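Since the structure comes first, as structure tokens, the remarks are kept for the end.
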Amino acid sequence: MENTMFPVKWCGNERVSAEQNSEAISRVFPSGISRLARSFHQQIPGYQISPLKSYPHLAAMLGLGGIWVKDESQRMALNSFKILGGSYAIYRVVKSILGFDHEEIPFTQLTSSEVRAKLGGITFAAATDGNHGRGVAWAAHVMNLRSVIYVHKFTSKARIDAIASYGADVRVVDGTYDDAVRQANIDAQQNGWQVISDTSWEGYEDVPRWVMQGYTTMCSEIQEQLAGQGIVKPTHVFVQAGVGALAASVIGFYHQLFGTNDPVAVIVEPDKAACLYHSAKLGDGQPHSFSGDLDTIMAGLACGDPSPLAWSILRDCADMFLSCPDYVAAKGMRVYGVPLKGDPFIVSGESGAVTLGALMFIMERPELADLRNKLGLDRKSQVLLINSEGNTDPNHFRRVVWDGAEPVPSEYKEYN
Ligand SMILES: Cc1ncc(COP(=O)(O)O)c(C=O)c1O
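Our numbering puts the first residue of the sequence shown at 87, with every later residue one more than the last.
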């Protein structure tokens, strides 16, 4: 089921009710995994719970009960949730090489010279559209290990410099993010490097599964923070997606906790890289690639190939897939930057802000009333958003927030 209304195109998931007991979720998120991931992250020097911020005034203006934003711009020094996945996957890879598959090892041991000596000249390789590679480079750096990070040709200099600042060897691939994934894999096989990928492919699922498990630390923090506010769970979660690993983690976490009473899950993608939306629309249950140069300002979401592992969860349990033009993300960035009086300020990058932009258009535009009703968004709704990144590309951030790049088209601007 699809509509063609702008500024948000949407596609409901016909399979969701039939497939509520997702075998994929049990496989990727075995019971107790979020506790293990979190206890690993808690040992990392500098770890702190990132804030969960409440937007009561915006919620009232939009006709919602509450809006809660998990602010990953304050995730350690890295400005993004991505560090949680890369670091946990590296931990699991190292544990496995050392023969501790079924035991936890303390972080101090992981970074010890004995472990380093045992690992020899191990090198981690990853492809990235910015944030994942930065997280992998950071984790390798903390453990005094080598990393080689592959970026695509549209990656900004600021993002490349941020990765290189952790001592990574950064290689630019003439193509898209998906080409960078392929090249990283080819070179890793030739050189005997360990690939730390956030996306999966046939025969390569362990590492992406660990990456996804690592993201659940963020969800367990959220639940603790909501409980502190007297809220048992959000009624809705809007999650932005590139390959879909983050969205599948959030859905998997909530499904494990609340079963079929989990929040309504809305997946949000850029219209120029909407591989999950496209797959949902084709409706055959398979992941499908989205072709094109993926030229969106939402650099973190510029992925043309869904992660099959993530897709197996989204296919069964996501409720709605949205495809949004760049101006939806730009609006979100500006609203976070200049909130209503009494609401908190958040630094939100392009990929971080798109869910707020989408939520606002859905609640405000008459053309989207049908979608609003289908999602059951009303004054009783407690909506969870994830600001998945802060200002990770300062020049572009200023272009949007200061200079007003990607303005909302005039037909969608009026307020009453
Ligand atoms: C800031 C940001 N948000 C969201 C995502 C989406 O994550 P995934 O690719 O797992 O869907 C990414 C991916 O790199 C990202 O960098």
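For each residue, glycine too, the CB sits at the ideal point set by N, CA and C. These numbers were taken from a predicted model, which means no experiment stands behind them.
Presumed contact (8 Å Cβ cut-off) between Ile308 and Leu470, rounded CB distance: 7 Å
Should Arg458 be labelled buried (16 or more other beta-carbon atoms within 10 Å of its own) or exposed? buried
Range of the contiguous alpha helix (DSSP H) that encloses His482: 480-487
Is Ser434 helix, strand or coil when you go by DSSP? coil
Let me know the secondary structure DSSP gives Asp412 once reduced to three states. helix
Touch check for the stretch 245-252 and the stretch 270-284: three-plus C-beta pairs under 8 Å? Contact check between the stretch 245-252 and the stretch 270-284: fewer than three CB pairs, one atom from each, fall below 8 Å, which does not count as touching.
Sequence-distant residues of its chain with Cβ nearer than 7 Å to Glu492 (five each side left out): Ile383, Asp412, Tyr413, Ala416, Val486
Might you give, ordered along the chain, the residues of its own chain that have their beta carbon closer than 8 Å to the beta carbon of Tyr263, omitting 5 neighbours on each side? Ala213, Thr214, Asp215, His238, Gly328, Leu380, Ala388, Cys389, Gly390
Which same chain residues end up closer than 6 Å to Trp279 when comparing Cβ atoms and leaving out the 5 residues on each side of it in sequence? Thr209, Ala211
Touching or not, the stretch 392-401 and the stretch 326-343, by the rule of three or more beta carbon pairs under 8 Å? yes
Between which two residues does the alpha helix (DSSP H) holding Ile472 run? Per DSSP, Ile472 lies in no alpha helix (DSSP H) segment; the continuous beta strand (DSSP E) that holds it begins and ends at 468-473.
Per the DSSP calculation, Asp157 is bridged to which residue(s)? Per DSSP, the beta bridge partners of Asp157 are Asn473.
Check whether the stretch 174-181 and the stretch 217-233 touch, using three or more Cβ-Cβ pairs below 8 Å as the test. Yes: the two stretches touch, three or more of their Cβ pairs being nearer than 8 Å.
Grouping DSSP H, G and I as helix and E and B as strand, with all else coil, what is Thr194? Thr194 falls in the helix class under three-state DSSP.
Examine ligand 1 and report whether any of its heavy atoms sits within less than 7 Å of the Cβ of Ala331. yes
Tell me the rounded alpha-carbon separation between Glu453 and Phe447. 9 Å
Helix, strand or coil at Glu88 according to DSSP, with G and I counted as helix: Here the model assigns Glu88 a pLDDT of 47, short of 50, so the residue's position is not dependable and the matter cannot be decided.
Measure the alpha-carbon distance for Val494 versus Ile353 and round it to whole angstroms. 21 Å
Using a Cβ-based criterion (distance less than 7 Å to any ligand heavy atom), does Lys504 qualify as near ligand 1? A question about residue 504 goes unanswered here, because the residues of the chain that appear run from 87 up to 502.
When the Cα of Tyr141 is compared with those of Asp479, Ile282, Trp154, which residue comes out closest? Trp154
Backbone secondary structure at Cys361 - three-state DSSP: helix
Looking at Ser474 and ligand 1, is the gap between the Cβ and the nearest heavy atom below 7 Å? Because some heavy atom of ligand 1 lies under 7 Å away, the Cβ of Ser474 counts as near it: yes.
With the cut-off set at 8 Å, would you say Ala444 and Val102 are in Cβ contact? No, these two residues do not count as a Cβ contact at 8 Å.
7 Å CB neighbourhood of Arg484 in its chain, flanking five on each side removed: none
Give me the residue from Pro131, Ser125, Gly118, His143 with the minimum Cα distance to Pro425. When Pro131, Ser125, Gly118, His143 are compared, the shortest CA-CA separation from Pro425 is found for His143.
Counted within 10 angstroms of its Cβ, other Cβ atoms place Pro373 as buried (16 or more) or exposed: That one is buried.
Identify every run of the beta strand (DSSP E) within the stretch 98-127, keeping only runs that are complete inside it and at least 3 residues long; order them along the chain. Within the stretch 98-127, no complete beta strand (DSSP E) run reaches 3 residues.
Answer yes or no: the CB of Asp412 versus the heavy atoms of ligand 1, is any distance below 7 Å? no
Within the same chain, show all residues whose beta-carbon is closer than 7 Å to that of Leu196, passing over the 5 residues directly before and after it, in chain order. Tyr177, Val180, Met229
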